[in-house]
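Using my numbering, the final residue of the sequence shown is 1506, and nothing's skipped along the way.
Just so it is clear, CB atoms sit at the ideal spot from N, CA and C, and this is done for glycine as well.
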Amino acid sequence: MTTLISHSAAWNALKTHQQALAQVSMRDLFAQDSQRFERFSVEACGLLLDYSKNRLTGETITKLQQLAIEANLPDGIARMFRGEKINHTEQRAALHIALRNRSNRPIMVDGKDVMPEVNAVLAQIRQFSNSVRDGEWRGYTGKPIESIVNIGIGGSDLGPAMVARALKAYHHPRLRRYFVSNVDGTHLAQTLAKVDPETTLFIIASKTFTTQETLLNAHSARQWLIEKLGDEKAVAKHFVAVSTATQKVTEFGIDPANMFAFWDWVGGRYSLWSAIGLPIAVMIGMENFEQLLAGAHELDTHFETAPYDKNLPVLMGLIEVWYSSFFEASTHAVLPYDYALKLFSPYLQQLIMESLGKHVNCEGNPVDYSTCPIIWGAPGNNGQHAFYQLLHQGTHLVPADFIIAVESQHDLPGHQDAVLSNALAQTYALMMGRTADETRHALDSKGLSGELLAQQLPHRVFQGNQPSNTLVYQKLTPQVLGALIALYEHKIFVQGLCWGINPFDQWGVELGKQVANTLLPALQETAGAHKEHDSSTEGLLKYINAHRRHSFDSVT
Ligand code: G6Q
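So, in structure tokens, the structure goes:
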């Protein structure tokens, strides 16, 4: 017996419904219903979600909710909040909600309440971040810290980097932050060129403390520091670690007293709320970091308790399932009209695609429907002058999230009006398009006629019917940002439950790590010695090895 959700009555009802709706334009839906915005918008946790500019009706939402019930959404949500091992391929709980559980209610894993440990690490972060910010923590030569360099990759980089960038308005004025992730020496070398060893603190962030990129960068940074300060003892004052692997941190030479722990039930891409958020806490202060946690906690409670037709992550997750699996939309754009969210799309690329880029369900059966769309995007206004052409007149269906701040973090006269008018203009134009008749009229009023008008006409028509969600908040405070991130985390979980896939493992990432380790020795041996790979990989190895030798020869 198959367990695919696509064989359920709810799925089939949606399939039939999609066929009926495929020919309907949103322009007509708005014309027929003056209350469409009121009907399809929800406000919670400081976020307004307008989902009226989507290719759906009330019947769609009802049918999607039936799918959610069919997929056991209530049970799935309850199991996550109870701390059950829902990441079954790794036999782990997925408890990012415990990291921001401001209610402090007990959350049990293997019969033990995790909250005392969570609170103890938060207290350690508070103590440490205060001492760095106050200038009490001194470098080896006695100077206060001025530069924070986070060395980590993937989940140990993207979340803290995004949040630190988004909350720049809250940074301590003395401190600068840098994030080094890439193993290409250029990244580290360029960063080290900007900082002073006497006033730099390195945070080595790695859940496993085995990641090649991070360890290599950490070793090089350590070497650089020792060379510059002339004493290995300096490491204790300039290096701290965030990890689940105490032994490996000690072997690296970092005192376990300078280590911040987290736990295997925190997934890398869900870890910014844990000690992985240390660079955030240092930059914005513990009170603001706790506001970030509080915003996420508020959204967690909303997710756990709100009815599905008023539940932000449930609605956004179901709408994405609707487009991916029933309209075959293969991409999804994230377009913040808030420059502080410059890194939000790259961050979401990992969060969403690493979570949902799967092709088998929890029982190991290949699915027969599309799952995760390709996530991409950039700050909206810049995108308008780059890729929006494709949204307006291309051939792809591209659902998009427009993210809008009512107030900017910096108030320069006239700027925010321009931002807001552009954002609203785009969602409107993408939905409405411009028909041939309207285009003819517009060209006519510009004085075009006859053959020239006929020639121009098809190029100036806009198909419209491009769907979008609009998320609006007052201002990007730590609390609002916490809620916004948690919204996307839970939206992913909803999609995972509907598709029957595990959003908390990442075997694709593990494969890359393993293969890189097998190729490393091959790069250090003579060309052609290896015959283990395909001819392309062998050919490339041979070519690169020959050219590396050539460049070594010309140096020596
Ligand atoms: C995230 C992934 C992955 C991970 C990095 C870094 O969910 O597991 O992006 O965060 O590979 O891993 P470490 O933190 O163990 O160095």
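So, with DSSP's three-state summary, where would you put residue i?
{"i": "Y1090", "result": "coil"}
{"i": "A1328", "result": "coil"}
{"i": "V1271", "result": "helix"}
{"i": "L1461", "result": "helix"}
{"i": "N1415", "result": "coil"}
{"i": "F1210", "result": "strand"}
{"i": "E1488", "result": "helix"}
{"i": "Y1287", "result": "strand"}
{"i": "K1013", "result": "helix"}
{"i": "K1118", "result": "helix"}
{"i": "T1321", "result": "coil"}
{"i": "Y1493", "result": "helix"}
{"i": "S1371", "result": "helix"}
{"i": "V992", "result": "strand"}
Just mark residue i as buried or exposed, buried being the case when its beta carbon has 16 or more other beta carbons within 10 Å.
{"i": "T1427", "result": "buried"}
{"i": "P1123", "result": "exposed"}
{"i": "S1399", "result": "exposed"}
{"i": "Q1456", "result": "buried"}
{"i": "I1302", "result": "buried"}
{"i": "G1180", "result": "exposed"}
{"i": "Q1416", "result": "buried"}
{"i": "G1364", "result": "exposed"}
{"i": "R1083", "result": "buried"}
{"i": "A1283", "result": "buried"}
{"i": "P1471", "result": "exposed"}
{"i": "F1129", "result": "buried"}
{"i": "F1442", "result": "It should be pointed out that residue 1442 corresponds to Ile in this sequence rather than to Phe. Per the 10 Å Cβ criterion, buried."}
{"i": "G1217", "result": "buried"}
{"i": "G934", "result": "The structure shown does not extend to residue 934, since the chain is modelled only from 951 to 1506, so the question has no answer here."}
{"i": "V1422", "result": "buried"}
{"i": "N962", "result": "exposed"}
If you drop the 5 nearest sequence neighbours on each side, which residues of the same chain put their C-beta closer than 8 Å to that of residue i?
{"i": "A1392", "result": "R1384, R1410"}
{"i": "K1260", "result": "V992, A994"}
{"i": "S1002", "result": "F980, R986, F987, R989, F990, S991"}
With a CB to CB cut of under 7 Å and the five nearest residues on each side skipped, what residues in its chain are close to residue i?
{"i": "W1223", "result": "H1046, L1049, R1050, L1243, A1246"}
{"i": "I1234", "result": "L1117, Y1120, H1121, P1428"}
{"i": "E1009", "result": "H967"}
{"i": "P1286", "result": "F1294, P1329, G1330, I1353"}
{"i": "N1080", "result": "M1236"}
{"i": "M1058", "result": "G1033"}
{"i": "I1019", "result": "none"}
Whose C-beta lies closer than 6 Å to the C-beta of residue i among residues of the same chain, with five residues either side of it excluded?
{"i": "H1342", "result": "F1412"}
{"i": "G1478", "result": "At G1478 the pLDDT is 48, less than 50, meaning the model places this residue with poor confidence; the figure from the coordinates comes in the next sentence. Cβ within range, chain order: K1492."}
{"i": "G1085", "result": "P1094"}
{"i": "H1440", "result": "F1253, P1263"}
{"i": "S975", "result": "N1415"}
{"i": "S1305", "result": "I1442, P1453"}
{"i": "I1204", "result": "F1189, A1191"}
To the nearest angstrom, report how far apart residue i and residue j are at their CA atoms.
{"i": "Q1225", "j": "L1473", "result": "The question names Gln, but residue 1225 in the sequence shown is Ala. Their Cα atoms are separated by approximately 36 Å."}
{"i": "A1070", "j": "L1228", "result": "14 Å"}
{"i": "A1155", "j": "A959", "result": "46 Å"}
{"i": "D1134", "j": "R1219", "result": "22 Å"}
{"i": "V1113", "j": "T1420", "result": "21 Å"}
{"i": "D1250", "j": "A1436", "result": "7 Å"}
{"i": "S984", "j": "R1115", "result": "40 Å"}
{"i": "G1327", "j": "G1061", "result": "42 Å"}
{"i": "P1316", "j": "L1017", "result": "19 Å"}
{"i": "P1066", "j": "Q1334", "result": "48 Å"}
{"i": "D1484", "j": "T1468", "result": "14 Å"}
{"i": "Y1297", "j": "I1325", "result": "10 Å"}
{"i": "E1237", "j": "L1431", "result": "14 Å"}
{"i": "V1264", "j": "D1351", "result": "15 Å"}
{"i": "D1000", "j": "S1097", "result": "41 Å"}
{"i": "Y1508", "j": "W1174", "result": "One cannot answer for residue 1508 here, as it falls past the ends of the chain, which runs 951 to 1506."}
{"i": "Y1319", "j": "I1036", "result": "22 Å"}
{"i": "L914", "j": "L997", "result": "The chain is shown only over 951 to 1506; residue 914 falls outside these bounds and no answer can be derived."}
{"i": "N1208", "j": "T1200", "result": "10 Å"}
{"i": "V1190", "j": "I955", "result": "46 Å"}
{"i": "I1230", "j": "R1029", "result": "30 Å"}
{"i": "A1044", "j": "D1387", "result": "54 Å"}
{"i": "R986", "j": "F980", "result": "6 Å"}
{"i": "A1195", "j": "L1370", "result": "47 Å"}
Determine whether the Cβ of residue i lies closer than 7 Å to any Cβ atom of chain B.
{"i": "S1486", "result": "Judged by its chain identifiers, the structure shown contains no chain B, having just a single protein chain."}
Closer than 6 Å: is that where the CB of residue i sits relative to any heavy atom of ligand 2?
{"i": "T1158", "result": "This structure lacks ligand 2; its bound ligands are ligand 1."}
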